[in-house]
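Student: Before anything else, here's the structure in question.
In the numbering used here, the protein residues as written are 6 to 81.
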């Protein structure tokens, strides 16, 4: 491989690492590119079954699917 490609790759790697560390360690939200002030999230809370493991979520979604299927009118 050409020596210039190795040097260019090393420079890009070091520059990227320096930028990543600078953004991570920045104490100023404006300098880090992060939003200023408090961030609020609106919406429904997570259901109770979404806490322990994925099996509970899968079971609840399956039951919801069958419940919706039973409520929809069937074509005769």
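For every residue, glycine included, the Cβ atom is placed at its ideal position computed from N, Cα and C.
If we ignore side chains and look at the alpha-carbon of each, how far apart do residue 14 and residue 21 end up?
Tutor: The count along the chain shown starts at 1 and reaches residue 14 at position 9. The count along the chain shown starts at 1 and reaches residue 21 at position 16. Whole-angstrom Cα-Cα distance: 11 angstroms.
Student: In this structure, how does DSSP classify residue 27 when only helix, strand and coil are distinguished?
Tutor: In the chain shown, counting from the first residue as 1, residue 27 sits at position 22. Note: residue 27 maps to helix in three-state DSSP.
Student: Given the structure, does residue 8 come close to the ligand ADP, in the sense that its CB is under 6 angstroms from one of the ligand's heavy atoms?
Tutor: Annotation note on the ligand ADP: not contained in the displayed structure, which lists no ligands.
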